[in-house]
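Order-wise, the sequence lines are chains B and D. For any residue, its number in this note's numbering is found by taking its place in the first sequence, counting from 1, and adding 1. For any residue, its number in this note's numbering is found by taking its place in the second sequence, counting from 1, and adding 157.
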Amino acid sequence: MHLRLRHLLLPALLLSAASALAAEVAVEAGDGATERLVEALIMAKPGDTIAIGAGRFELKEGLSLQVDDVRVKGAGPDATVLSFAGQTGSGEGLLVTSNRVVLEDFAVEDPKGDGIKSKGSDQITFRNLRVVWTGGPKESNGAYGVYPVSSQHVLIDGVTVSGASDAGIYVGQSQDIVVSNSRAEYNVAGIEIENSARADVYRNVATHNAGGILVFDLPNLPVQGGHDIRVFDNDVVDNDTGNFAPKGNTVAMVPKGMGIMVMANRNVHVFGNRLSGNGTAHVLIAAYPNEYEDADYMFVPRGVYVHDNEYGAGGNAPDGEVGKIISDISGTPVPDIVWDGVTRIPEYFSWVRPENRVYVSEPKATFINLKMISQMLLPWGWWPDRDASGYAGSLPEPAPVKLPQDSGA
Amino acid sequence: MPRSRRRWPAGLRRAIQVLAALFLLAPLPAYAVSDDVILADTPPRQLSAFGFFDDLAAQKPAEGVIPFRLNTPLFSDGALKDRFVYLPAGKAAAHDATEAFDFPVGSALIKTFSFPADYREPDKDIRRIETRVLLRHADGWQAWAYLWNSEQTDAALKIAGATVPVSTVTAGGTPLDFAYSVPNKNQCKACHALDNAIVPLGPKARNLNGPFPYASGEENQLAHWAAAGILAGAPPPAEAPAVPDWRDETAPLDARARAWLDVNCAHCHRAEGPASNSGLFLTFGEKDPVRYGVRKRPVAAGKGAGANEFDILPGEPDDSILVYRVRSVEPGVMMPELGRHLADPDAVALLRAWIAAMDD
Numbered sequence: 002m003h004l005r006l007r008h009l010l011l012p013a014l015l016l017s018a019a020s021a022l023a024a025e026v027a028v029e030a031g032d033g034a035t036e037r038l039v040e041a042l043i044m045a046k047p048g049d050t051i052a053i054g055a056g057r058f059e060l061k062e063g064l065s066l067q068v069d070d071v072r073v074k075g076a077g078p079d080a081t082v083l084s085f086a087g088q089t090g091s092g093e094g095l096l097v098t099s100n101r102v103v104l105e106d107f108a109v110e111d112p113k114g115d116g117i118k119s120k121g122s123d124q125i126t127f128r129n130l131r132v133v134w135t136g137g138p139k140e141s142n143g144a145y146g147v148y149p150v151s152s153q154h155v156l157i158d159g160v161t162v163s164g165a166s167d168a169g170i171y172v173g174q175s176q177d178i179v180v181s182n183s184r185a186e187y188n189v190a191g192i193e194i195e196n197s198a199r200a201d202v203y204r205n206v207a208t209h210n211a212g213g214i215l216v217f218d219l220p221n222l223p224v225q226g227g228h229d230i231r232v233f234d235n236d237v238v239d240n241d242t243g244n245f246a247p248k249g250n251t252v253a254m255v256p257k258g259m260g261i262m263v264m265a266n267r268n269v270h271v272f273g274n275r276l277s278g279n280g281t282a283h284v285l286i287a288a289y290p291n292e293y294e295d296a297d298y299m300f301v302p303r304g305v306y307v308h309d310n311e312y313g314a315g316g317n318a319p320d321g322e323v324g325k326i327i328s329d330i331s332g333t334p335v336p337d338i339v340w341d342g343v344t345r346i347p348e349y350f351s352w353v354r355p356e357n358r359v360y361v362s363e364p365k366a367t368f369i370n371l372k373m374i375s376q377m378l379l380p381w382g383w384w385p386d387r388d389a390s391g392y393a394g395s396l397p398e399p400a401p402v403k404l405p406q407d408s409g410a
Numbered sequence: 158m159p160r161s162r163r164r165w166p167a168g169l170r171r172a173i174q175v176l177a178a179l180f181l182l183a184p185l186p187a188y189a190v191s192d193d194v195i196l197a198d199t200p201p202r203q204l205s206a207f208g209f210f211d212d213l214a215a216q217k218p219a220e221g222v223i224p225f226r227l228n229t230p231l232f233s234d235g236a237l238k239d240r241f242v243y244l245p246a247g248k249a250a251a252h253d254a255t256e257a258f259d260f261p262v263g264s265a266l267i268k269t270f271s272f273p274a275d276y277r278e279p280d281k282d283i284r285r286i287e288t289r290v291l292l293r294h295a296d297g298w299q300a301w302a303y304l305w306n307s308e309q310t311d312a313a314l315k316i317a318g319a320t321v322p323v324s325t326v327t328a329g330g331t332p333l334d335f336a337y338s339v340p341n342k343n344q345c346k347a348c349h350a351l352d353n354a355i356v357p358l359g360p361k362a363r364n365l366n367g368p369f370p371y372a373s374g375e376e377n378q379l380a381h382w383a384a385a386g387i388l389a390g391a392p393p394p395a396e397a398p399a400v401p402d403w404r405d406e407t408a409p410l411d412a413r414a415r416a417w418l419d420v421n422c423a424h425c426h427r428a429e430g431p432a433s434n435s436g437l438f439l440t441f442g443e444k445d446p447v448r449y450g451v452r453k454r455p456v457a458a459g460k461g462a463g464a465n466e467f468d469i470l471p472g473e474p475d476d477s478i479l480v481y482r483v484r485s486v487e488p489g490v491m492m493p494e495l496g497r498h499l500a501d502p503d504a505v506a507l508l509r510a511w512i513a514a515m516d517d
C-alpha cells in the first residue's frame with residue numbers, strides 16, 4: 002500500500018511541478034502590444050510558451066530571444082503578423098541566440114535586414130512561418146528570410162519565404178539540418194546551404210527565384226568544409242526572376258534560371274528532384290570562381306552525385322555572365338546538367354580520387370562537362386564532353402539527418 | 158584610575174535613537190554604495206538605490222566609486238558619457254593584457270549618457286538620458302538601463318527600452334533633433350556578449366592606459382587603479398598595451414583607425430562575438446589583413462554591401478563596404494546595427510583616410 006501510493010504520487014508531483022514551471026504568456030494585439038511583446042521575450046523563463054495573438058504588431062526595433070527552452074507561437078502564419086515596415090534599428094526582425102527554441106505559426110513582414118535569425122543556437126525549430134517582403138523582389142529588401150547561422154540541429158519545416166535579396170531560406174556555418182515542406186519564391190536564391198555539414202533538403206518548392214537551391218562553400222569564414230548534403234524530392238521549377246541581389250554579394254553571380262547549383266562543398270547528393278522551366282540550367286556543379294586568400298579553403302566540389310531526377314524543359318534562356326560562359330560552349334538549350342570541369346591542377350595532370358569525383362547517373366538527361374581547365378590551358382586543342390557515360394558510378398549516401406527536436410523532446 | 162562614564166537618561170537615549178533612525182530613513186542621497194543592492198537577485202527600481210553617487214544629479218561619485226575615461230570611446234549618437242567603476246572594499250580586478258579586466262563579484266560599472274543643449278558649450282545645460290549599469294554577480298554579469306526622469310533627479314529601471322527625443326545644436330551650430338534609443342535588456346547583450354555570456358567592453362588595459370584628471374591631479378588610470386588597490390597584476394603603464402585617442406592627429410593613422418574599429422565594431426566582429434559568422438574580425442590585435450577586411454568579400458551583407466565587392470578595397474574608400482556601412486543611417490545597412498541613429502562624419506573621414514592610404 003505504502004509503495005503503491007508513492008508510485009502514484011511521484012509522477013503526479015512531477016507533472017504538477019512541470020506545469021507550474023511552463024507558463025503560457027499571452028500577448029494580444031492592441032494598445033502597447035509592441036512593448037508587451039518585447040517584454041515577454043525578455044522576461045521569458047525556460048519552459049514558457051509566448052503565445053502571440055492574432056493581429057498586426059507594428060515593430061520599430063528588432064525583437065530578440067535569449068532564453069533557452071522557449072516556444073514562440075502565433076495564431077497562424079496569416080493571422081499573427083509582426084510587421085517591421087517601420088523598423089529603425091537592429092539588423093533583423095527576430096534574433097534568437099538561445100537553445101531548444103521553437104518558433105511557429107506567425108509571419109514576419111518587411112524587416113529592414115534579415116527576417117528571423119538564430120545565431121549559435123542548438124535545437125532551433127522554424128515551423129509554419131511566413132517571412133515576406135510585401136513589395137516583391139527588390140534590391141532594398143533584407144538579405145535572408147529564415148536565417149539560422151552557427152547553429153546546430155536546425156529544423157525548418159513548412160515555412161514560406163518571399164522577396165529576400167539573398168536567400169529565402171539560408172543555413173550557414175551550421176550542423177545537422179533539415180529543410181522540408183517549405184516554399185521559397187521570388188527570392189534571389191530560394192534555399193541555400195552554405196559552409197554547413199549534414200543537411201537534408203527535401204519536399205520543398207523553389208520557384209520564381211533567380212536560383213532555386215544552392216549548396217555553397219565559401220572561403221574566409223570561421224566554419225568551412227561543408228559536407229554530406231542531400232537535396233532530394235524537391236520541386237525546383239520556373240526559377241525565372243531576374244537576379245536582384247546587391248552587386249558585391251556572392252549570390253549576385255547566380256543567373257536567373259538556375260535550378261540547383263553546387264559550388265565547392267563535399268559529398269553532395271542531388272536526386273529525385275523535379276526540375277523544369279529553369280532557363281539557364283537545371284543543375285550546375287562549379288568551382289568557386291573568385292580569387293581568394295585562404296590556405297584552408299577547398300575551392301572545387303569534392304564528391305557530387307546527381308541521379309534519378311526528372312527534367313522538364315529548361316536551358317532555353319541562359320542568363321548573365323555565367324549563362325553566357327556556359328552557353329558559349331554548350332549552345333542553347335543548355336544541357337540539363339552542367340559541370341564546369343574545374344579540378345585542381347595536380348589532379349588535372351594525374352587523377353582524382355574516386356570519392357572526390359563528380360558522378361552523373363541520368364540516362365534520360367543531357368549533360369556537359371565544360372572542361373574549363375582545358376579551355377584555359379589548351380585553348381586550341383580542347384572540346385567539352387557531352388557524354389555522361391564517362392561519369393557513371395555512385396557515392397555512398399549519407400545517413401538521414403536525425404534531430405533531437407523531432408523525437409518530441 | 159577609576160573609569161567614569163556618564164549615563165544618559167533612558168528617555169533621552171531613546172529620543173536620540175529615534176532621531177538617528179529618522180535621519181537614516183529620510184529621502185536624502187545615499188552616502189555609501191550598497192553591496193546588497195548590487196548583488197540582489199532583482200535590480201532596484203531606482204538608480205539612487207545603489208548609492209553610487211553622493212550627488213546623483215551632479216554625477217558626483219560616492220567614496221569607492223572611481224571615474225574613468227577611455228582613450229577611444231564608442232560612438233553613441235554623440236552622447237557625452239560619464240563612466241565609473243566600483244569594487245567591493247578590499248577587492249581587486251585581475252589585469253588582462255587583451256580582454257576586459259576580470260572583476261570580482263560585487264563590482265559595478267556605471268555609465269551615464271547625456272546630451273548638452275549645444276555642443277558649442279558642451280559643459281552647459283546637460284540633459285541626462287540614461288545610466289547603464291553592469292553588475293558582477295557570482296553567475297556572471299547583469300546589464301540594466303535606467304532612464305532619467307524629466308526633473309533630472311533620479312533614473313528608473315527600464316527593461317523594454319525607450320525612445321527619447323533629443324534636441325541639441327551641433328558643434329557647427331546646426332540644430333539637431335533625433336530619436337535616441339535606450340536599449341532594452343536583450344539589446345545590451347547584443348553587444349556585451351563574448352561566447353554568449355555578458356561581459357564589460359570598455360575597461361581593457363589598452364583603452365584605459367592614459368591620463369585622467371582626478372581631483373588629486375592628473376594621473377595614468379592604470380597606475381591610479383593599481384595604487385587604489387582595485388587592479389592587481391598590471392604592468393607599469395609604459396609596458397601595458399595602449400590604443401591612441403582616435404582623434405589624436407599626432408598618432409599613426411593605422412593605430413587611430415584600428416582603435417576606432419576595435420571599440421566601435423570588435424565587440425561583435427571577433428571570433429567569439431555575435432558577428433563571428435561574418436569572418437570579419439576587427440579587434441585591435443588582429444594581424445591578418447583579410448580578416449580585418451582587406452579584399453575580403455561579404456558573406457551575409459545583403460544590401461549592406463552597396464555595390465561593393467570588398468569590405469576594404471585598398472586605396473578605394475568609396476568602393477569599400479566598411480565605409481559604406483559606417484556612413485549609413487539606414488537600418489539593415491548601417492554598422493554598428495545597434496546603438497546609433499546618426500553617423501559620425503569624423504569617423505567616416507578617418508576610415509576613408511586610412512583606406513585611401515593603403516597600398517594596392
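Each residue gets a CB set at the ideal place from its N, CA and C atoms; glycine is no exception.
Where residue i meets chain D, residues with beta-carbon distance less than 7 Å
i, result
"Thr54/B", "Reading off the sequence shown, one finds Gly at residue 54/B, where the question assumed Thr. The premise fails here: Gly54/B is roughly 18 Å from chain D at the closest Cβ pair, so nothing lies under 7 Å."
"Leu104/B", "Those within 7 Å of Leu104/B in chain D number zero; the least Cβ separation is about 16 Å."
Extent of the continuous beta strand (DSSP E) run through residue i
i, result
"Phe350/B", "From DSSP, Phe350/B is part of no beta strand (DSSP E) but of the alpha helix (DSSP H) over Ile346 to Phe350."
"Trp340/B", "Ile338 to Trp340"
"Tyr360/B", "Val359 to Ser362"
"Pro368/D", "Pro368 to Tyr371"
"Val483/D", "Where Val483/D is concerned, there is no enclosing beta strand (DSSP E), although the alpha helix (DSSP H) it sits in stretches over Ile478 to Arg484."
"Asn377/D", "Gly374 to Asn377"
Partner residues on chain B for residue i, Cβ-Cβ distance less than 7 Å
i, result
"Pro455/D", "Gly249 and Asn250"
"Pro474/D", "Those within 7 Å of Pro474/D in chain B number zero; the least Cβ separation is about 15 Å."
"Glu466/D", "Gly249"
Interface residues of chain D facing residue i [CB-CB closer than 9 Å]
i, result
"Pro47/B", "Residues of chain D passing the Cβ test: none, with the nearest at roughly 15 Å."
Neighbourhood of residue i by C-beta distance below 6 Å, restricted to the same chain and skipping five residues each side
i, result
"Thr367/B", "Pro336 and Asp337"
"Pro394/D", "Asn366, Asn377, Leu379 and Ala380"
"Val420/D", "Thr229 and Leu231"
"Gly394/B", "Tyr360"
Per-residue burial, residue i [other beta carbons within 10 Å of its own, 16 or more giving buried]
i, result
"Asn341/D", "buried"
"Gly92/B", "buried"
"Glu292/B", "exposed"
"Ala183/D", "Interpretation of Ala183/D is limited by its pLDDT of 47, a score under 50 that renders its predicted location unreliable; the figure taken from the coordinates is listed afterwards. Under this definition Ala183/D is an exposed residue."
"Leu378/B", "exposed"
"Val486/D", "exposed"
"Gln88/B", "buried"
"Trp305/D", "buried"
Interface residues of chain D facing residue i [CB-CB closer than 8 Å]
i, result
"Asn291/B", "Arg454"
"Ala141/B", "Reading off the sequence shown, one finds Ser at residue 141/B, where the question assumed Ala. By Cβ distance, chain D contributes Lys460."
"Pro223/B", "Ala428, Ser433, Asn434 and Gly436"
"Glu62/B", "Gly318, Ser338, Asn341 and Gln344"
Cutoff 8 Å; reference residue i; Cβ partners in own chain excluding five residues on either side
i, result
"Lys460/D", "Gly489 and Val490"
"Ala504/D", "Phe232, Trp403, Trp417, Asn421 and Val483"
Interface residues of chain B facing residue i [CB-CB closer than 8 Å]
i, result
"Pro488/D", "Gln88, Thr89, Gly90, Ser91, Gly92, Lys113 and Gly114"
For residue i, the first and last residue of its enclosing alpha helix (DSSP H)
i, result
"Asp193/D", "Asp192 to Leu196"
"Trp417/D", "Leu410 to Asn421"
"Gln376/B", "Met373 to Leu378"
"Pro502/D", "Pro502 to Ala513"
"Ser331/B", "Gly321 to Ser331"
Under 9 Å from the C-beta of residue i: neighbouring residues of chain B
i, result
"Gly463/D", "Pro247, Lys248 and Gly249"
Own chain, CB closer than 7 Å to residue i, minus 5 neighbours either side, in chain order
i, result
"Pro138/B", "Gly164, Tyr187, Thr242 and Phe245"
Handout entry: Sufficient close CB pairs (3 or more, under 8 Å) joining the segment 315-328 of chain D to the segment 218-227 of chain D
Key = Taking 8 Å as the limit for Cβ pairs, the verdict is that the segment 218-227 of chain D does not touch the segment 315-328 of chain D.
Practice task
Specify whether the segment 189-207 of chain B and the segment 164-179 of chain B touch according to this definition: at least 3 beta carbon pairs, one from each stretch, less than 8 Å apart.
Solution key: They touch, by the three-pair rule.
Practice task
Count the CB pairs spanning the segment 387-402 of chain D and the segment 246-261 of chain D that are closer than 8 Å, and state whether there are at least three.
Solution key: Judged by Cβ distances under 8 Å, the segment 387-402 of chain D makes contact with the segment 246-261 of chain D, as three or more pairs qualify.
Problem - Touch test, the segment 453-473 of chain D against the segment 192-200 of chain D, Cβ-Cβ under 8 Å, three pairs minimum - result: By the Cβ criterion, the segment 453-473 of chain D is not in contact with the segment 192-200 of chain D, since fewer than three pairs of Cβ atoms, one from each stretch, lie closer than 8 Å.
Exercise for the section: Tell me, please, whether the segment 341-359 of chain D touches the segment 289-309 of chain D by the rule of three or more beta-carbon pairs shorter than 8 Å. Expected result: Counting Cβ pairs under 8 Å, three or more are found: they touch.
Practice task
Inspect the CB distances between the segment 257-266 of chain B and the segment 204-212 of chain B and report whether three or more fall short of 8 Å.
Solution key: Yes: the two stretches touch, three or more of their Cβ pairs being nearer than 8 Å.
Practice task
Would you be able to state if there are at least three C-beta pairs under 8 Å between the segment 123-137 of chain B and the segment 76-95 of chain B?
Solution key: Yes, the segment 76-95 of chain B is in contact with the segment 123-137 of chain B.
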